[in-house]
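Q:
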Amino acid sequence: MQQRSSVRSLLVPGKRRTLNRNGILLAWLGPWVLFVIVLAFSVFRIRYDNPGLVDVVFASALLCSLIPWYMGVKSHEHPARMPTWFYYLSVACAAGVFFGWIFGGYTYAAYMRPYFDWEGLNVYPPKPHTNLNGIDPASKGQAVIDAGVIFFAPGTYVDRSKALAFRNVNQFCVAPITGPNQTGNYDFWAVGKDCCDGVSTQFHCGDIGDPTARSGLRLLRDIDRPFFRLATQQAEAKFGISALHPIFLTWTTPAFS
Numbered sequence: 000m001q002q003r004s005s006v007r008s009l010l011v012p013g014k015r016r017t018l019n020r021n022g023i024l025l026a027w028l029g030p031w032v033l034f035v036i037v038l039a040f041s042v043f044r045i046r047y048d049n050p051g052l053v054d055v056v057f058a059s060a061l062l063c064s065l066i067p068w069y070m071g072v073k074s075h076e077h078p079a080r081m082p083t084w085f086y087y088l089s090v091a092c093a094a095g096v097f098f099g100w101i102f103g104g105y106t107y108a109a110y111m112r113p114y115f116d117w118e119g120l121n122v123y124p125p126k127p128h129t130n131l132n133g134i135d136p137a138s139k140g141q142a143v144i145d146a147g148v149i150f151f152a153p154g155t156y157v158d159r160s161k162a163l164a165f166r167n168v169n170q171f172c173v174a175p176i177t178g179p180n181q182t183g184n185y186d187f188w189a190v191g192k193d194c195c196d197g198v199s200t201q202f203h204c205g206d207i208g209d210p211t212a213r214s215g216l217r218l219l220r221d222i223d224r225p226f227f228r229l230a231t232q233q234a235e236a237k238f239g240i241s242a243l244h245p246i247f248l249t250w251t252t253p254a255f256s
């Protein structure tokens, strides 16, 4: 008898619980809101100016994601409530926080931080859209040591006949930037990774194929600079030139015509 009654209780429709619309909306929007907040604080200028504030936002958002978990634990004291939804909301919010942190950190390191670094450095010559003379590549690198962007004088080009590469897992390619007044010292170098085969003339880094290119963006990745310096030292020894204060640049087309 007892077995028959238990089977019947499983088959007979019981009282269904209704879901709160506001709860469903919160379960859908909550993780996205936390994701966007953490992502925004991880990517934009505020992280560059106040990196400690981003850690506070991340910790606060993570604590917010634990509130539904606590409510789920407490809901066991009230059989009418559904703790499963609280647990789902907590896990989903925590996932939104972590994904916002991961994607924001990658975007910041790969794109936004270099932009903010360039923004804090100088442009040479000042007001390049009106000063069309540009920087003579025969000048010394010490004169523009704080440059983020350099616009060179007309007639400047990358001398691919003196290109070389230093290999350390990647190919660290360098070629001197030169002009009509060039002497034996080359302080400006076009650089790139895995855009050459280590043989002179086989240098395809940046906008090397654009005849209108005569400007450079400063290399800001400290981890790469020692390898490019080793490549320039090889070029100095092979071609009998000097690079006393080399400045490494990504060769690019001017932003103005």
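Each residue of the sequence shown is one higher than the one before, starting from 0 at the first, in numbering that gives the first Met the number 0. Backbone N, C-alpha and C fix where the C-beta goes; we use that ideal spot for every residue, glycine too.
Between which two residues does the alpha helix (DSSP H) harbouring residue 139 extend?
A: Residue 139 sits at position 140 when you count from the first residue of the sequence shown. That residue, residue 139, is in no alpha helix (DSSP H); it is neither H nor E in DSSP.
Q: Entirely within the stretch 152 to 211 and at least 4 residues each: give me those alpha helix (DSSP H) ranges in chain order.
A: Entirely contained in the stretch 152 to 211, not one alpha helix (DSSP H) run reaches 4 residues.
Q: Ordered along the chain, which non-local residues of its own chain (more than five positions away) have a Cβ less than 6 Å from that of residue 9?
A: Here residue 9 refers to the residue found at position 10 when the sequence shown is read from its first residue. Summary for residue 9: the model assigns pLDDT 39, below 50, so the residue's position carries little reliability; its value from the coordinates is reported in the next sentence. Contacts found: none.
Q: Kindly indicate which three-state DSSP category residue 21 falls into: helix, strand or coil?
A: Taking the sequence shown and counting its residues from 1, the one referred to as residue 21 is at position 22. The answer is helix: DSSP assigns residue 21 an H, G or I state.
Q: Work out the CA separation of residue 166 and residue 215 for me, nearest whole Å.
A: As a first step, residue 215 must be located in the sequence shown, where it is residue number 216. As a first step, residue 166 must be located in the sequence shown, where it is residue number 167. The straight-line gap from Cα to Cα measures roughly 23 Å.
Q: Can you find at least 3 beta carbon pairs, one from the stretch 34 to 47 and one from the stretch 109 to 120, that sit closer than 8 Å?
A: Segments in contact, yes.
Q: Contact between the stretch 99 to 107 and the stretch 140 to 154: three or more CB pairs below 8 Å?
A: The stretch 99 to 107 vs the stretch 140 to 154: no contact.
Q: State whether the stretch 163 to 180 contacts the stretch 226 to 237, with contact taken as three or more CB pairs (one from each stretch) at a distance under 8 Å.
A: The stretch 163 to 180, when compared against the stretch 226 to 237, does touch it at the 8 Å Cβ threshold.
Q: Applying the criterion that 16 or more other CB atoms from any shown protein chain within 10 Å of the CB defines a buried residue, is residue 11 buried or exposed?
A: In the sequence shown, the residue the question calls residue 11 occupies position 12. Interpretation of residue 11 is limited by its pLDDT of 42, a score under 50 that renders its predicted location unreliable; the figure taken from the coordinates is listed afterwards. Exposed, because fewer than 16 other Cβ atoms sit within 10 Å of the Cβ of residue 11.
Q: What are the start and end residues of the beta strand (DSSP E) that includes residue 251?
A: Taking the first residue of the sequence shown as position 1, residue 251 is located at position 252. Its beta strand (DSSP E) spans residues 246 to 251.
Q: Assign residue 120 to one of three DSSP states: helix, strand, or coil.
A: To locate residue 120, count along the sequence shown from 1; it is residue 121. Residue state, collapsed to three classes: coil.
Q: Would you tell me roughly how many angstroms separate the C-alpha atoms of residue 154 and residue 186, rounded to the nearest one?
A: Locating residue 154 in the sequence shown gives position 155, counting from the first residue. Locating residue 186 in the sequence shown gives position 187, counting from the first residue. For residue 154 and residue 186, the distance between alpha carbons rounds to 17 Å.
Q: Leaving out five residues before and five after residue 231 in sequence, what residues of the same chain have Cβ atoms less than 7 Å from its Cβ?
A: For the purposes of this step, residue 231 is identified with residue 232 of the sequence shown, where counting begins at 1. Closer than 7 Å at the Cβ level, and outside the excluded window around residue 231, lie 173, 188, 242 and 245.
Q: Is DSSP giving residue 239 helix, strand or coil here?
A: Within the sequence shown, numbered from 1, the residue matching residue 239 stands at position 240. Coil, per DSSP.
Q: When you compare the CB positions of residue 252 and residue 206, do they come within less than 8 Å of one another, or not?
A: Counting from one through the sequence shown, the residue named residue 252 turns up at place 253. Counting from one through the sequence shown, the residue named residue 206 turns up at place 207. Contact flag set, yes.
Q: On the premise that residue 133 lies in contact with residue 152, defined as a C-beta separation below 8 Å, what is that separation, rounded to the nearest angstrom?
A: The count along the sequence shown starts at 1 and reaches residue 152 at position 153. The count along the sequence shown starts at 1 and reaches residue 133 at position 134. Their Cβ separation, rounded to whole angstroms, is 4 Å, which keeps residue 152 and residue 133 in contact under 8 Å.
Q: Check for me: the beta strand (DSSP E) holding residue 218 runs from which residue to which?
A: Position 219 of the sequence shown holds residue 218. Here residue 218 belongs to no beta strand (DSSP E), and DSSP marks it neither H nor E.
Q: Alpha carbon to alpha carbon, how far is residue 213 from residue 190?
A: Translated into the one-based positions of the sequence shown, residue 213 becomes position 214. Translated into the one-based positions of the sequence shown, residue 190 becomes position 191. Rounded to the nearest angstrom, the two C-alpha atoms are 14 Å apart.
Q: From what residue to what residue does the alpha helix (DSSP H) around residue 91 run?
A: Within the sequence shown, the letter at position 92 stands for residue 91. Counting along the chain, the alpha helix (DSSP H) containing residue 91 begins and ends at 82 to 106.
Q: Report the rounded CA-to-CA distance for residue 136 versus residue 158, giving the unit in angstroms.
A: For the purposes of this step, residue 136 is taken as residue 137 along the sequence shown, with counting starting at 1. For the purposes of this step, residue 158 is taken as residue 159 along the sequence shown, with counting starting at 1. For residue 136 and residue 158, the distance between alpha carbons rounds to 12 Å.
Q: For residue 239, which residues in the same chain have their Cβ closer than 7 Å to its Cβ, ignoring the five residues on either side in sequence?
A: On the sequence shown, residue 239 is found 240 positions in, with the first residue counted as 1. Once the five neighbours on either side are set aside, residue 239 has no close Cβ partner at all.
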